[in-house]
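Chemist: The working numbering puts the first residue of the sequence shown at 1425, with every later residue one more than the last.
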Amino acid sequence: MDALLEFASGPLFRLAFAICLFGVVRLLFLSISDVWFMMRQAGERNIPWGDLFRSTASWIVPVTTAPRQRPLYSLVSILFHIGLILVPLFYSAHVILWDAATGLSWGIWLPQNISHILTLIVIGGGVFLIMARVLNNSQRRLSKAIDYFLVGLLLVPFITGIVMTNLVLASNTHQWMMMLHLLSADLILLMIPFTKIAHAALFPFGRFVGAAAWKFPQRAGDRVMATLGKDKMSEETPV
């Protein structure tokens, strides 16, 4: 078991991280290239960058929109995502793992009690978000099995982590719990570039792509008119 744990926290973790990193970079490159292509084709190339930045920020942290639109859901979702990012990166044991496995070290970490609070927030928030999907008719119709699976998968390392740090477990049980903790984290890293989990990194770029996509290509109106036969109609209509 010790050899398997070392493999899961060493070579497998490095492989999963490399796939995650290159996968996200690839997605970012594709998003940027889409923006560049659309801007080249656009007839009107002016994009209101300031308004777009403010709009994107309001979607990421909906301080002004959340009170009007499902305030509890918005608050839980924000806290869930904050914990989802901070604990894997800045929990003290994770900082040591990042340094040992990849050589990346940022030298700062969260206090133990803050890490525990954020972990409990992620677990409670994840359960809340799953129940919100189940109980809300519109969300339930739009949700697929993979949506529930991803949220459940994200909770596994948090649940196993809080159990191992707060309960006294038999040696055998602790090893199996640690194995589940490591393998679920590795699986999440592997799945990030290929699932909706990547939206955290790609969401701002998606907003810019959408803004560029609404800029019509040059002479698009003329081509639409020609397709509809409107140009002939206009020629035949007496002035």
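In this text, a Cβ means the ideal position worked out from N, Cα and C, and glycines have one as well.
#1: With a cut-off of 8 Å on the beta carbons, I'd call T1584 and M1601 a contact; round off their distance for me.
#2: Relative to the alpha-carbon of I1541, which residue among I1506, R1565 and F1552 has its alpha-carbon at the smallest distance?
#3: Quick one: using the 10 Å Cβ neighbour count with 16 as the cut-off for buried, is G1645 buried or exposed?
#4: Within its chain, find whatever has a CB closer than 8 Å to the CB of F1441; leave out the 5 residues flanking it on each side and keep chain order.
#5: Assuming L1429 and L1606 form a contact by the criterion Cβ under 8 Å, report the distance between their Cβ atoms to the nearest whole angstrom.
#6: May I ask which residues mark the beginning and end of the alpha helix (DSSP H) holding F1618?
#7: In the structure shown, what three-state DSSP assignment does M1588 receive?
#8: How should I1616 be labelled, buried or exposed, when 16 other C-beta atoms within 10 angstroms of its C-beta is the threshold for buried?
#9: Helix, strand or coil, according to DSSP, for A1594 in the structure here?
#10: Please identify the residue among F1431, V1511, L1451 and F1446 whose C-alpha is closest to the C-alpha of K1620.
#11: Round the Cβ separation of T1543 and F1582 to the nearest angstrom and send it over; I've been treating them as touching at under 8 Å.
#12: How would you write the range of the alpha helix (DSSP H) that I1532 sits in, first residue to last?
#13: According to DSSP, is R1494 part of a helix, a strand, or is it coil?
#14: By Cβ distance, which residues of its chain are closer than 8 Å to V1580, with the 5 residues on each side in sequence left out?
#15: Looking only at its chain, what residues have a beta carbon closer than 8 Å to the beta carbon of I1547, apart from the 5 residues adjacent to it on each side?
#16: When DSSP labels each residue in this structure, what does G1507 get in the three-state scheme?
#17: Which of helix, strand or coil does DSSP assign to N1560?
#18: Can F1446 and D1610 be called in contact, C-beta distance under 8 Å?
#19: Just the Cα atoms here: how many angstroms apart are L1555 and V1592?
#20: In whole angstroms, give me the CA-to-CA distance for D1523 and V1551.
#21: Excluding the five sequence neighbours on either side, which residues of its own chain have a C-beta within less than 8 Å of the C-beta of F1618, listed in chain order?
#22: Should V1519 and W1533 be called a contact, given that it needs their Cβ atoms to be closer than 8 Å?
#23: Under a three-way DSSP split, which group does G1549 fall into?
#24: Between Q1536, S1516, N1560 and D1458, which has its C-alpha nearest Y1497's C-alpha?
#25: Counting along the chain, where does the alpha helix (DSSP H) carrying L1528 start and finish?
Modeler: On the basis of the supplied data:
#1: 5 Å
#2: I1506
#3: Note that G1645 scores 49 on pLDDT, short of 50, meaning its location in the model is unreliable and no value can be drawn from it.
#4: A1525, T1526 and L1613
#5: 7 Å
#6: No alpha helix (DSSP H) holds F1618; DSSP gives it neither H nor E.
#7: helix
#8: buried
#9: coil
#10: L1451
#11: 5 Å
#12: Element bounds for I1532: n/a, residue is neither H nor E.
#13: coil
#14: L1604, H1605 and S1608
#15: L1579, F1582, I1583 and I1586
#16: helix
#17: coil
#18: no
#19: Checking the sequence shown, residue 1555 turns out to be Met, not Leu. Those two C-alpha atoms are separated by around 30 Å.
#20: 31 Å
#21: G1447
#22: yes
#23: helix
#24: N1560
#25: Per DSSP, L1528 belongs to no alpha helix (DSSP H) and is neither H nor E.
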